[in-house]
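Numbering (the working numbering), first residue to last: 58 to 293.
All C-beta atoms, glycine included, are put in the ideal place defined by N, C-alpha and C.
Owing to the predicted nature of the structure, the values given are computational and were not obtained by experimental measurement.
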C-alpha cells in the first residue's frame, strides 16, 4: 500500500496537458495523503485538453526555476499531444527530468509523456510503453517498447494513455511507495512489440465527431491572421 508519510510529488506539465492524465492521478495521490505540486514553464494557470478540445485550467504551484528536484519523492509526467512537445523543447524541463533519473527517484508517465524522457536522453536501454503513435520515436531513441497497459522498469512506470488509467494509478502509487522494488524491467530482454496497424479508434472518432467551430472561434482566428498581416506590413 502507498505510504503517504513524507511523500511530496512533482507533476511536470505545460499548456495542453491531457486533463484526466493529470487530475485523476493527482486526486489519487492526494487521497493517499501525498503533497502534490504542479510545476510548469510559467506561473499562473495552464490549460488542459480533452484529446483536442480545450478543458479546464489548473493552477501552477512552482515554475521549473523555483522547484528543486531534491525536494520531491517522485515525478508525474502527464501526456497530451501538446504538453510534452512544449516540455521537450525546454532545456530547463529536460534538466529537471534528468535530475530525477540521475537520483533514481520514481517517475510515472503515460501517453505522450515519454517524449520528454526521450528528448532528455533517458530512454536508451529502458523498457517502457506509451501512446502507440510515439512508439517509433522511443524505439529510435534506444528503448524497448511494449504494447501493454503498464510497464515497470526499476524506478520508471509507463502507460499507454487514458484508456489504461485503471491500471496506471495503482502502478504509479506502487512505484512512488516502493521505488527500489522490481529493479529488473518488465519482460526484460524481449524485443519491442510491433507497430499498430491502425490508430486508436477513440482518437479517430473524437476528431470525426468534433463540433463545428463557433462564430467566436472563427472570428478569433480571423483577427489573429489580420493582426499578423498588419505586423508583417508594418515591418516592411
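- Beta-bridge partners assigned by DSSP to residue 132: 67 and 164.
- Around the beta carbon of residue 184, a 10 Å sphere encloses 16 or more other beta carbons of the protein chains shown; the residue is thus reported as buried.
- Closest by C-alpha distance to residue 70, out of 131, 88, 136 and 113, is 136.
- Distance between residue 131 and residue 111, taken at the CA atoms: about 28 Å.
- Its chain contains no residue whose beta carbon lies nearer than 6 Å to that of residue 247 once the 5 sequence neighbours on both sides are disregarded.
- With contacts defined as CB atoms closer than 8 Å, residue 187 and residue 207 fail to qualify as a contacting pair.
- Per the Cβ contact rule, the region 149-160 is not in contact with the region 189-208 (fewer than 3 Cβ pairs under 8 Å).
- Of the candidates 217, 197 and 142, the residue whose Cα lies closest to the Cα of residue 73 is 142.
- Under the DSSP definition of a beta bridge, residue 105 partners with 74.
- Look at residue 196 here: in three-state DSSP terms it is helix.
- Secondary structure note for residue 111: its beta strand (DSSP E) is the uninterrupted segment 110-116.
- Residue 216: member of the beta strand (DSSP E) spanning 213-216, first to last residue.
- Contact annotation: the region 232-239 touches the region 163-178, with at least three C-beta pairs closer than 8 Å.
- Ranked by Cα distance from residue 133, the first of 84, 261 and 123 is 84.
- Looking at the DSSP output, residue 94 shares a beta bridge with 67.
- Contact between residue 68 and residue 96 holds: CB atoms are separated by about 7 Å, below the 8 Å threshold.
- Counting the other CB atoms within 10 Å of its CB gives residue 169 a total of 16 or more, which places it among the buried residues.
- Cβ-Cβ distances below 6 Å link residue 118 to 94 and 95 in the same chain, with the five nearest sequence neighbours on each side left out; the list follows chain order.
- Counting the other CB atoms within 10 Å of its CB gives residue 87 a total below 16, which places it among the exposed residues.
- Per DSSP, the beta-bridge partners of residue 119 are 96.
- Here residue 155 is near residue 179, since their CB atoms are less than 8 Å apart.
- Excluding residues up to 5 positions away in sequence, 199 lie with their Cβ nearer than 7 Å to the Cβ of residue 182 in the same chain.
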